[in-house]
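Take a look at the structure below.
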Amino acid sequence: MGAIESSGRRRAVRSARAVSLGVAGLLALSACVAAPAAPPVTVVVTERPDPSPSVAPVPTQTARDALPPEPAPIVPNAPAEPAEPIPEGPAYDLGPRDGALGPVVSDADGNPVSYTVVAGDVFFDIAQRFDLPQQQLLRMNPSIPGFGLDIYIGDIVNLDWTTTR
Numbered sequence: 002m003g004a005i006e007s008s009g010r011r012r013a014v015r016s017a018r019a020v021s022l023g024v025a026g027l028l029a030l031s032a033c034v035a036a037p038a039a040p041p042v043t044v045v046v047t048e049r050p051d052p053s054p055s056v057a058p059v060p061t062q063t064a065r066d067a068l069p070p071e072p073a074p075i076v077p078n079a080p081a082e083p084a085e086p087i088p089e090g091p092a093y094d095l096g097p098r099d100g101a102l103g104p105v106v107s108d109a110d111g112n113p114v115s116y117t118v119v120a121g122d123v124f125f126d127i128a129q130r131f132d133l134p135q136q137q138l139l140r141m142n143p144s145i146p147g148f149g150l151d152i153y154i155g156d157i158v159n160l161d162w163t164t165t166r
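Residue 166, in the numbering used here, is where the sequence shown stops; the numbers in between run on with no holes.
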């Protein structure tokens with residue numbers, strides 16, 4: 002055996018001793034853990050109280066005047082009349098706003114005739130810009146699909162309430 006072999010064995014023996022001491026120490030310490038506490042004892046009382054004599058309540062007479070008056074009869078609401086439809090009318094340009102920034106084409110009298118959709122426009126905001134109910138603007142533009150949700154850049158929106166596009 003050479004000197005190198007014997008030193009390698011010594012290291013292995015030392016390592017094995019260290020590992021075995023560590024395992025023995027862990028086992029010894031694991032025994033120090035306290036046992037779990039016992040569950041609390043439940044006490045049940047079985048004694049019954051003695052019944053005492055009771056007095057039955059006797060109804061008393063009250064004066065007729067002391068009773069509250071009878072409530073008034075319930076009358077249902079009168080049927081509501083149907084709301085008047087919003088009259089259709091011409092468009093008025095209230096000025097550009099978020100969601101309606103496109104250019105407007107007007108006739109000789111200055112009345113808006115058409116509107117060109119630009120990026121970021123929303124059909125509802127276009128109706129608001131021209132002071133029109135959204136349903137009226139949809140009736141004036143039956144070619145716009147999806148209740149006005151499907152408008153695209155470059156679409157022309159009719160603003161002349163006497164024609165449809």
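C-beta atoms are modelled at their ideal positions from N, C-alpha and C, and glycine is treated no differently.
Terminal residues of the alpha helix (DSSP H) in which residue i lies
i           : result
residue 75  : Premise fails: residue 75 is in no alpha helix (DSSP H) and is neither H nor E.
residue 127 : 124-130
residue 140 : 135-141
Beta-carbon separation (whole angstroms), residue i vs residue j, contact threshold 8 angstroms
i           : j           : result
residue 108 : residue 131 : About 14 angstroms separates the two Cβ atoms, so there is no contact after all.
residue 106 : residue 115 : 5 angstroms
residue 141 : residue 159 : 5 angstroms
residue 90  : residue 121 : The Cβ separation is near 27 angstroms, so there is no contact.
Span of the beta strand (DSSP E) around residue i
i           : result
residue 106 : 105-107
residue 117 : 113-117
Beta-carbon proximity of residue i to residue j, cut-off 9 angstroms
i           : j           : result
residue 166 : residue 143 : yes
residue 136 : residue 125 : no
residue 127 : residue 103 : yes
residue 149 : residue 117 : no
residue 151 : residue 92  : no
Where residue i sits in the DSSP three-state scheme
i           : result
residue 158 : strand
residue 101 : strand
residue 29  : helix
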